[in-house]
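In the UniProt record's numbering, the protein residues as written are 1 to 262.
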């Protein structure tokens, strides 16, 4: 195993330790030696290696690719790289608290420079949302989970409500959670209250991550057959396991043998 440690302290009030490891052609970014935040196949930098990152794209089963999207938390940039490559009409803004994380993502993980489809901002994700106009974004993705959980300002009922209000009528909030977190049920309850019960949980296979989706409007309880049909089209277009996402939605959400209730 080749282990290269890069440790940065971006500022006196915002210290963070970043480690980078590489083994068998997979490069990983860690906040602390054992906390894997991102993974990249060196020979295919734009692939989504971590299962939960692929699950974040499960929103496509219910809505079209967004025109405007926001990502809170950058890590190694796996999600923005994938969106930049596969969603040519999407304008994605990423907000990352630590400037050095952005620098590492660009120098070590092939995150592209800003252009008309990608903008990376160094700043506070919660503050950024609070300053956005209402109904201004089609998708908000939160990938700000760490070994200690979600930062408290990003997990309050008021903040989730602010995210909801910034979404367009068909908008979706996607939040990366950890199923074994003692606050998992609390986070889901807050999301459910804010979105009037219009939430779905998609568990990631091979890890403990669970992606929670909050929908601005109901989805008319789609039939499993329709979801399976759309999953096949999405799998052919994007190369992700949307068929497995459909199956896994039945594990954590109300349904019967014909429909998913949402």
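Note that CB positions come from ideal geometry on N, CA and C, so glycine has one too.
Rounded to whole angstroms, the gap between the alpha carbons of residue 131 and residue 121 is 14 Å. For residue 195, there is no enclosing beta strand (DSSP E), since its DSSP letter is neither H nor E. Apart from the 5 residues on each side of it in sequence, residue 261 sits with its Cβ closer than 8 Å to the Cβ of 221, 253, 254, 255 in its chain, given in chain order. Considering only 186, 83, 99, 44, the residue with the shortest C-alpha distance to residue 93 is 83. The beta carbon of residue 52 lies closer than 7 Å to those of 176, 204, 207, 209, 211 in the same chain, with the five residues before and after it left out. The alpha-carbon separation between residue 242 and residue 58 amounts to approximately 7 Å. Closest in alpha carbon position to residue 223, among 246, 233, 138, 44, is 246. In this structure residue 27 does not touch residue 17 by the C-beta definition: roughly 17 Å separates them, more than the 8 Å allowed. If you draw a straight line from the Cα of residue 183 to the Cα of residue 189, it is about 10 Å long. For the alpha helix (DSSP H) assignment, the uninterrupted runs of no fewer than 4 residues enclosed by the stretch 150-196 are, from N- to C-terminal side, 157-166, 184-194. Excluding the 5 residues flanking it on each side, residue 56 has same chain C-beta neighbours closer than 8 Å at 79, 141, 143, 174, 176, 211, in chain order. Distance between residue 232 and residue 156, taken at the CA atoms: about 36 Å. Between residue 109 and residue 172, the C-beta spacing is not below 8 Å.
Spatial neighbours of residue 163 in its own chain (CB-CB distance under 7 Å, excluding positions within 5 residues in sequence) are listed in chain order as 129, 140, 173.
Exclusion of the five residues before and after residue 136 leaves 68, 166, 168 as the residues of its chain whose Cβ lies within less than 8 Å of its Cβ. Residue 251 is classed as exposed because its beta carbon has fewer than 16 other beta carbons within 10 Å across all chains shown. Distance from the CA of residue 151 to the CA of residue 257, rounded to the nearest whole angstrom, comes to 38 Å.
With contacts defined by Cβ atoms closer than 8 Å, residue 29 and residue 76 form a contacting pair.
For the pair residue 60 and residue 54, the Cα-to-Cα distance works out to about 11 Å. Shortest Cα-Cα distance from residue 145 to any of 96, 45, 192 involves 96. In this chain, residue 48 is not harboured by any alpha helix (DSSP H), its DSSP state being neither H nor E. C-alpha of residue 240 to C-alpha of residue 115: approximately 25 Å in a straight line.
Residue 100 has its alpha-carbon roughly 43 Å from the corresponding atom of residue 229.
Comparing alpha carbon positions, the residue from 49, 72, 160 closest to residue 123 is 72.
When DSSP states are grouped into helix, strand and coil, residue 203 belongs to the strand group. Residue 25 is classed as exposed because its beta carbon has fewer than 16 other beta carbons within 10 Å across all chains shown.
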